[in-house]
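Following: one structure in structure tokens, then a few remarks.
Residue numbers (this note's numbering), protein chains in the order written: chain A, 1 to 505; chain B, 1 to 167.
Here is the structure:
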């Protein structure tokens, strides 16, 4: 553990130079500017802006990337508070009290408690990440190919069946993603699969192109089909600040929210929705002013916003240690790390430890930069909410094309982007969740490789697919998830109605 | 986004089921085309995984059909700028697609600054912007700014096209 902290300090030493801080500033600025735009959640922000970092060397790319990530997340909360339009499910709760506060003339305090709460949660969450990731890696290196196969399958089932309103639609999205993941040359035998004999498809479809196509192009086409011609009311805002009373009422919810958010983030399929709801309920119960809830209670912004950010930090643990993305932003991040030449997984800390610590140090810096930048600039961000919609979506398509083209510098990718955009459009029309598709694209090829490796070790005997104790536990869990509707029907005495969470987009 | 109680059945969903089934069949046909070569390093070869995925697609297509027949429906995605109650405006969608495809075709011959400007201007027009000169000014400014800032500044690969040497 002491070693880890030492490595982290080395990471900082590599990161803190004036030029790098400039990149952090640039990342946070464009991340917030794009994230604050209505309709753009953190995952879409990262996917859109990622190609900007392609020309940079890894350290600078990480720093800018961390800035974009935090900027995108905070931009989303700003939109929820000022416009009551959460860009994604994890900021739904922030919008409940945050928008009420803003309407009561306390927008500045709502934005401030969200910003400082995000900072506190992000800092503690990243520290916990430093402590927990090596532990998970120690555990992960003892796992074999069958265990990994089981973990990947659990990831598939969890994103398809647990999150989201309809399992069948979740599985449909997952299988479409797995199909996209099949495209390209089979790495073991060198044979082409689903490439239609197109040379451009031989290397497979880049995950960034998939993410940008489904998120950005799909969203734009969907909005084009149903453009609302009345724009929501934006609440004017001054410079965010907190009075002494606000500080007194905010700090405990920040810490409790962090405590709830991080563990959920670490769990596969934990997500940010459950801890934000839990934090809201908890603060309402503990508050000395429960009557203020529903009318703009600051605790109801401070707690859930901290939970949201801590959960985002927690998500990085399975991401770095196992290569397992558990939400849409993490799925895009895996693609980002891969493009920087980092293969997430248990060997990552060993092989590329200096890069990992640089990344983590960058997260700390991005988080700090966000606080420094966003408190004074909030009024400016609020103005961005008034961007005329034709320009907003034209800009999204513009940046989507630029990013997708920049990945491989081939116009073919733009046509691919359009096809994926049409798939994204159809998914929105028919209520298919997006996350299972993205996870399928990323993890499908890895799962196939692990499965074939397991069979190679067993000489083709199918029993080789079942590995150590962990794989039995995981297959048991998968069975419970799949049989859950049956089990629930059997225990008819359970009166408690389950809240259904909508999948993160 | 409460659904009206007497919503008519959403029959277009059967199209999704058909799409899934067609993809499933295509994946299996493609897999059958591959050489099932196996060896000691790869006991199963490139075939079984696509076959499995194709088969699961067919299973899901059937289950989806049953779900739809029983009245199941996916809720169209909402959003701040989306009015899900309105019918799909195909004209706008087609115009946006046209602007996008135009950019894909023109990006290499004409370069990003021109094709990107056309993309922005065309999309804004499709979505209802009517101050054409303002849109054009925004489009050209964005295209130039991204070209200089990202292509030249950050090394992002964007083509200069016919403006090579002028920019």
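For glycine and all other residues, C-beta sits at the position ideal for the given N, C-alpha and C.
For this session: Starting from residue 436/A, find everything on chain B with Cβ-Cβ shorter than 8 Å and list it in chain order.
Result: Start at 1 with the first residue of the first chain, and residue 436/A comes out as number 436. Ordered by position in chain B, no residue passes the 8 Å Cβ test against residue 436/A, which lies about 11 Å from the chain.
For this session: Could you tell me the boundaries of the alpha helix (DSSP H) in which residue 297/A lies?
Result: Position 297 of the first chain holds residue 297/A. No alpha helix (DSSP H) contains residue 297/A, which DSSP labels as neither H nor E.
Exercise. Roughly how many angstroms lie between the CA atoms of residue 316/A and residue 309/A, to the nearest whole one?
Worked result: By 1-based counting over the first chain, the position of residue 316/A is 316. By 1-based counting over the first chain, the position of residue 309/A is 309. Each residue's alpha carbon lies about 11 Å from the other.
Exercise. Beta-carbon separation of residue 260/A and residue 302/A under 8 Å?
Worked result: Taking the first chain and counting its residues from 1, the one referred to as residue 260/A is at position 260. Taking the first chain and counting its residues from 1, the one referred to as residue 302/A is at position 302. No, the Cβ-Cβ distance between residue 260/A and residue 302/A is not below 8 Å.
Exercise. Three-state secondary structure (DSSP) at residue 42/B?
Worked result: Residue numbering aside, residue 42/B sits at position 42 when the second chain is read from its first letter. It is a strand residue.
For this session: Report back the beta-carbon spacing between residue 158/B and residue 401/A to the nearest angstrom; my notes put them in contact at under 8 Å.
Result: Walking along the second chain from the start, residue 158/B turns up at place 158. Walking along the first chain from the start, residue 401/A turns up at place 401. Not a contact, Cβ separation roughly 10 Å.
Problem set entry | Boundaries (first-last residue) of the alpha helix (DSSP H) holding residue 253/A | As a working mapping, residue 253/A is identified with position 253 in the first chain. It spans 244-266 - the alpha helix (DSSP H) in which residue 253/A sits, taken as one unbroken run.
Exercise. In chain B, which residues lie with their C-beta within 9 Å of the C-beta of residue 28/A?
Worked result: Residue numbering aside, residue 28/A sits at position 28 when the first chain is read from its first letter. What residue 28/A touches in chain B: nothing, since even the nearest Cβ is about 16 Å away.
For this session: Could you pull the start and end residues of the alpha helix (DSSP H) that residue 64/B belongs to?
Result: Numbered from 1 along the second chain, position 64 holds the residue referred to as residue 64/B. Its alpha helix (DSSP H) spans residues 48-69.
Exercise. How big is the Cα-Cα spacing for residue 95/B and residue 298/A?
Worked result: Locating residue 95/B in the second chain gives position 95, where the first residue counts as 1. Locating residue 298/A in the first chain gives position 298, where the first residue counts as 1. Between residue 95/B and residue 298/A, the C-alpha separation is close to 45 Å.
Exercise. Residue 450/A CB to nearest chain B CB: under 8 Å?
Worked result: Sequence index remark: in the first chain, residue 450/A carries index 450 (1-based). No, its Cβ sits nowhere closer than 8 Å to a Cβ of chain B.
Problem set entry | Buried versus exposed call for residue 166/B [16 or more other C-beta atoms within 10 Å across all chains shown] | The residue given as residue 166/B occupies position 166 in the second chain. Flag for residue 166/B reads exposed.
Exercise. Cα-Cα, which of 186/A, 117/A and 329/A is closest to residue 248/A?
Worked result: For this step, residue 248/A is matched to residue 248 along the first chain. The shortest C-alpha separation from residue 248/A is found at 117/A.
For this session: Would you give the residue range spanned by the alpha helix (DSSP H) that residue 50/A belongs to?
Result: Residue mapping note: residue 50/A aligns to position 50 of the first chain, counting from 1. Per DSSP, residue 50/A belongs to no alpha helix (DSSP H) and is neither H nor E.
Problem set entry | residue 167/A versus residue 358/A - alpha carbon distance | Working through the first chain from its first residue, we reach residue 167/A at position 167. Working through the first chain from its first residue, we reach residue 358/A at position 358. Approximately 39 Å between the Cα atoms of the pair.
For this session: Identify, in the order they occur along the chain, each residue of the same chain with its Cβ nearer than 6 Å to the Cβ of residue 159/A, setting aside the five sequence neighbours on each side.
Result: As a first step, residue 159/A is located in the first chain; it is residue number 159 there, counting from the start. Cβ neighbours of residue 159/A beyond the five flanking positions: 435, 436 and 439.
Exercise. Can residue 420/A and residue 213/A be called in contact, C-beta distance under 8 Å?
Worked result: On the first chain, position 420 is the one that residue 420/A refers to. On the first chain, position 213 is the one that residue 213/A refers to. It is a contact, given that the beta carbons lie within the stated cut-off.
Problem set entry | For residue 465/A and residue 149/A, believed in contact at Cβ under 8 Å, the rounded distance | The residue labelled residue 149/A in the question sits at position 149 within the first chain. The residue labelled residue 465/A in the question sits at position 465 within the first chain. The pair is a contact, with the Cβ atoms about 7 Å apart (cut-off 8 Å).
Problem set entry | Terminal residues of the alpha helix (DSSP H) in which residue 238/A lies | In the first chain, residue 238/A corresponds to position 238, counting from 1. Residue 238/A -> no alpha helix (DSSP H), and no H or E assigned at all.
Exercise. Is DSSP giving residue 217/A helix, strand or coil here?
Worked result: Taking the first chain and counting its residues from 1, the one referred to as residue 217/A is at position 217. Residue 217/A: helix per DSSP, three-state reduction.
For this session: Please list the partners that residue 141/B has in chain A, where partner means a Cβ-to-Cβ separation under 7 Å.
Result: Start at 1 with the first residue of the second chain, and residue 141/B comes out as number 141. Result: empty, since nearest Cβ-Cβ is about 11 Å, beyond 7 Å.
For this session: Kindly say whether residue 402/A, judged by its beta-carbon, lies nearer than 8 Å to any beta-carbon of chain B.
Result: Counted from its first residue, the first chain places residue 402/A at position 402. At least one chain B Cβ lies under 8 Å of residue 402/A.
For this session: Using a Cβ cut-off of 7 Å, pull out every chain A residue sitting near residue 164/B, in sequence order please.
Result: For the purposes of this step, residue 164/B is taken as the residue at position 164 of the second chain. Neighbours of residue 164/B on chain A: none; closest Cβ ~15 Å, over 7 Å.
Exercise. Hey, quick one: how far does the alpha helix (DSSP H) through residue 383/A stretch, first residue to last?
Worked result: As a working note, residue 383/A is residue 383 in the first chain. It spans 353-384 - the alpha helix (DSSP H) in which residue 383/A sits, taken as one unbroken run.
Exercise. With respect to the alpha helix (DSSP H) encompassing residue 173/B, which residues constitute its N-terminal and C-terminal limits?
Worked result: This structure does not reach residue 173/B, given that chain B is present from 1 up to 167, and the question cannot be answered.
Problem set entry | Neighbourhood of residue 397/A by C-beta distance below 8 Å, restricted to the same chain and skipping five residues each side | For the purposes of this step, residue 397/A is taken as residue 397 along the first chain, with counting starting at 1. Excluding positions up to five away in sequence, the list reads 216, 217 and 220.
Exercise. Given a threshold of 16 other Cβ atoms within 10 Å of its Cβ, counted over all protein chains shown, does residue 148/B qualify as buried or as exposed?
Worked result: What you label residue 148/B is simply residue 148 of the second chain in a count that begins at 1. Label assigned to residue 148/B: exposed.
Problem set entry | Within chain B, the residues that residue 430/A reaches when beta carbons sit closer than 9 Å | Counting from one through the first chain, the residue named residue 430/A turns up at place 430. Here the neighbours are 10, 12, 13, 15, 16, 73, 74 and 76.
Exercise. Could one say the Cβ of residue 148/B lies closer than 8 Å to chain A's Cβ atoms, at least one of them?
Worked result: Looking up residue 148/B in the second chain gives position 148. Not an interface residue.
Exercise. Does the ligand MG have even one heavy atom less than 7 Å from the beta-carbon of residue 409/A?
Worked result: The model depicted lacks the ligand MG and carries no ligand whatsoever.
Problem set entry | residue 163/B, DSSP secondary structure in three states | Taking the second chain and counting its residues from 1, the one referred to as residue 163/B is at position 163. Correct three-state label for residue 163/B: helix.
Problem set entry | DSSP three-state assignment for residue 185/A, whether helix, strand or coil | Along the first chain, read from residue 1 onward, the residue named residue 185/A stands at position 185. If DSSP states are grouped into helix, strand and coil, residue 185/A belongs with the strands.
Exercise. Buried or exposed: which applies to residue 381/A, given that a residue is buried once 16 or more other Cβ atoms fall within 10 Å of its Cβ?
Worked result: By 1-based counting over the first chain, the position of residue 381/A is 381. Flag for residue 381/A reads buried.
Problem set entry | Under 8 Å by beta carbon: chain A residues contacting residue 129/B | The residue given as residue 129/B occupies position 129 in the second chain. Correct list: 388, 390, 391 and 394.
For this session: With residue 391/A as the anchor, note down where its alpha helix (DSSP H) starts and where it stops.
Result: Position 391 of the first chain, counted from the start, is the residue given in the question as residue 391/A. From DSSP, the alpha helix (DSSP H) with residue 391/A extends over 389-408.
Problem set entry | Any 3 or more C-beta pairs closer than 8 Å across the stretch 75-95 of chain B and the stretch 174-186 of chain A | no
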